[in-house]
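To start, the structure under review is shown below, and the notes come after it.
Residue numbers (the working numbering), protein chains in the order written: chain A, 1 to 269; chain B, 1 to 382.
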């Protein structure tokens with residue numbers, strides 16, 4: 001009986017706590033007034049204004065480029081690393097690799113950002129590459145921490161994979177390379193997709209690391225929003241935030257669905 | 001059934017010392033770290049045999065199989081298949097295919113693609129692959145299931161797909177790792193006979209790894225019993241069951257009564273063993289390699305002992321003892337009697353229930369005589 005009212009209330013309080021700010025942001029993005037906190041009527045004019053702002057659009061395009069490149073690089077590196085960790089059980093430095101691969105997950109962004117900045121400056125001084133900071137350095141920086149996430153996602157899928165599947169393919173005449181492309185890759189493909197989506201979303205999201213390693217004229221979207229908000233919140237930021245929430249939500253949802261589908265349908269027969 | 005003289009079971013090449021073995025395992029040892037998984041195993045297997053490696057878990061039977069497939073490298077020793085040294089040959093270049101315990105069907109391919117996978121690696125023309133796949137599907141009676149995915153099949157169907165896939169490349173040697181292990185009892189019995197039929201039709205040499213002694217007995221031309229990485233005994237199923245060479249083999253296969261005794265007479269034509277546990281002498285009607293006063297073991301199968309209420313006539317004043325029925329297990333086709341001897345030793349005796357609902361059957365707490373022939377048991381020294 002008590003369960004009748006307790007659970008719904010607890011649940012709505014919990015969800016309210018988590019999502020009320022986001023809901024209010026989405027609602028106010030459709031506010032007509034230029035005062036952020038005063039509702040004066042429904043309008044989509046801030047979305048229109050947003051699309052007419054070249055700075056915003058430029059930053060958004062830059063962010064998408066960075067996220068795409070960083071996620072793709074992270075996917076390749078992360079998959080290779082996961083295969084090494086799961087399939088080659090004994091090799092020198094395995095523990096070190098396993099530890100360093102997941103370290104970026106817990107490393108504070110400020111430290112990662114600062115460390116990368118120092119590295120890029122030192123490299124430019126000694127090697128002359130990368131020349132200056134901009135798109136390239138942001139991509140490199142994002143690839144590093146995104147790789148860690150890809151490793152985690154792919155690793156868990158790989159260790160679920162029955163080793164005898166690969167042995168069976170080899171037994172039937174496939175060389176190890178063939179086995180990887182014919183058997184391993186298709187089976188872990190859903191994990192690759194969800195790892196890529198996760199990396200893409202995280203890169204799109206990042207403010208701190210990007211602030212450290214970006215240069216003049218290469219501000220990512222979160223950086224532009226943050227600097228705008230410091231001058232006072234304008235309603236078009238709400239509109240932009242709503243769009244980003246939409247994209248991120250779709251991304252995360254897609255990744256989750258793929259991850260769920262990737263679960264082998266065993267124990268059925 | 002018409003005789004097929006090309007089959008190993010009919011020609012029994014292992015009885016012919018001049019016969020050339022098809023698979024020759026020579027002093028193979030495999031160490032994992034400091035542990036000997038397989039230790040100094042030598043084994044000859046002949047063409048068209050259905051050879052069973054039987055052993056408990058950790059006996060090294062699967063490791064031996066994986067070395068034949070090439071997934072493990074022997075620490076020392078050689079493996080020859082069809083006269084060719086396999087030690088340096090990679091798994092994908094061996095004329096050997098394997099059926100995995102988990103079946104290892106590729107989940108992202110349908111049944112046809114699974115079976116065709118090995119043929120595509122050999123780059124056969126598409127038409128030939130198609131014909132071969134169709135032929136294999138009908139061999140395992142799955143003609144209508146070609147387009148299904150593995151997860152849409154039952155356990156028995158998956159098992160047959162795995163078999164078809166392993167046979168697709170017409171290997172000289174097929175390795176089967178617990179092929180029936182994942183099936184339920186009824187299906188296992190049916191599949192057993194199907195497996196033998198397929199093996200006989202194709203004449204392929206099978207090496208089967210199993211922990212199930214019944215499976216080994218009904219499938220195999222010969223059985224290799226493994227224990228702690230070593231071969232304990234190699235022989236035809238009847239040899240293994242009726243003439244075990246050691247206490248381990250006698251106890252591992254079927255159930256057995258094992259008693260200790262002392263040799264009192266050691267003649268070329270017979271041996272007499274005094275057993276305090278049995279409370280009588282054991283008269284063995286053939287010579288045994290032993291010495292007077294040697295302590296050894298005598299093993300007898302439960303079905304080789306006869307029960308009676310009246311004292312039977314004894315052979316040479318031996319081979320008869322008495323006891324009290326303590327337990328009876330009724331299994332339908334037969335009953336298992338647990339008889340307690342005067343020494344406190346229990347003997348297990350089975351009797352076939354030939355009479356329906358026999359009112360005169362021996363029952364609990366009855367005093368009974370136990371008797372056996374002079375050739376019914378095995379004398380074991382190790």
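Glycine is no exception: its CB is placed at the ideal position from the N, C-alpha and C atoms.
Beta-carbon proximity of residue i to residue j, cut-off 9 Å
i	j	result
residue 142 of chain B	residue 161 of chain B	yes
residue 151 of chain A	residue 78 of chain A	yes
residue 197 of chain A	residue 258 of chain A	yes
residue 256 of chain B	residue 306 of chain B	no
residue 244 of chain B	residue 380 of chain B	yes
residue 335 of chain B	residue 351 of chain B	yes
residue 144 of chain A	residue 112 of chain A	yes
residue 83 of chain B	residue 185 of chain B	no
residue 60 of chain B	residue 330 of chain B	no
residue 96 of chain B	residue 175 of chain B	yes
residue 99 of chain B	residue 168 of chain B	no
residue 171 of chain A	residue 69 of chain B	yes
Simplified DSSP assignment, three categories, for residue i
i	result
residue 232 of chain A	coil
residue 346 of chain B	strand
residue 24 of chain B	strand
residue 102 of chain B	coil
residue 320 of chain B	strand
residue 254 of chain B	coil
residue 56 of chain A	helix
residue 255 of chain A	helix
residue 105 of chain A	helix
residue 71 of chain B	coil
residue 234 of chain B	strand
residue 77 of chain A	helix
residue 17 of chain A	helix
residue 39 of chain A	coil
residue 201 of chain B	helix
residue 238 of chain A	helix
residue 265 of chain A	With a pLDDT of 48 at residue 265 of chain A, under the threshold of 50, the modelled position of this residue cannot be trusted; read the value that follows with caution. Residue 265 of chain A: coil per DSSP, three-state reduction.
residue 140 of chain B	coil
residue 226 of chain A	helix
residue 178 of chain B	coil
residue 15 of chain B	helix
residue 391 of chain B	Outside the shown range of chain B (1 to 382) lies residue 391 of chain B, about which nothing can therefore be said.
residue 246 of chain B	coil
residue 5 of chain B	At residue 5 of chain B, the pLDDT of 47 sits below 50, so the modelled position is not reliable and the matter cannot be decided from this model.
residue 82 of chain B	coil
residue 32 of chain B	strand
residue 9 of chain A	helix
residue 295 of chain B	strand
residue 300 of chain B	strand
residue 93 of chain B	helix
residue 116 of chain A	helix
Within chain B, partners of residue i - CB distance below 7 Å
i	result
residue 174 of chain A	92, 121
residue 183 of chain A	106
residue 187 of chain A	107, 108
residue 165 of chain A	104, 106
residue 162 of chain A	102, 104
residue 168 of chain A	100, 104
Neighbour list for residue i in chain A, Cβ cutoff strictly below 7 Å
i	result
residue 98 of chain B	171
residue 134 of chain B	The premise fails here: residue 134 of chain B is roughly 18 Å from chain A at the closest Cβ pair, so nothing lies under 7 Å.
residue 145 of chain B	Those do not exist, as residue 145 of chain B stays about 13 Å from chain A at its closest Cβ, beyond 7 Å.
residue 37 of chain B	Per Cβ cutoff of 7 Å: no residues; residue 37 of chain B is ~17 Å from chain A at best.
residue 164 of chain B	The premise fails here: residue 164 of chain B is roughly 12 Å from chain A at the closest Cβ pair, so nothing lies under 7 Å.
Boundaries (first-last residue) of the beta strand (DSSP E) holding residue i
i	result
residue 37 of chain B	35 to 45
residue 51 of chain B	50 to 55
residue 337 of chain B	334 to 341
residue 283 of chain B	280 to 284
residue 272 of chain B	271 to 275
residue 371 of chain B	367 to 371
residue 218 of chain A	Unbroken run through residue 218 of chain A: none, as it is neither H nor E.
residue 307 of chain B	306 to 308
Enclosing alpha helix (DSSP H) for residue i [first to last residue]
i	result
residue 201 of chain A	185 to 205
residue 167 of chain B	155 to 167
residue 222 of chain B	Here residue 222 of chain B belongs to no alpha helix (DSSP H); instead the beta strand (DSSP E) covers 222 to 227.
residue 159 of chain A	135 to 160
Contacts that residue i makes with chain A (C-beta to C-beta distance below 9 Å)
i	result
residue 206 of chain B	Under the 9 Å cutoff, chain A gives no residues; its nearest Cβ is about 15 Å from residue 206 of chain B.
residue 169 of chain B	172, 173
8 Å Cβ cut-off: residues of chain A touching residue i
i	result
residue 47 of chain B	Simply none; closest approach about 21 Å.
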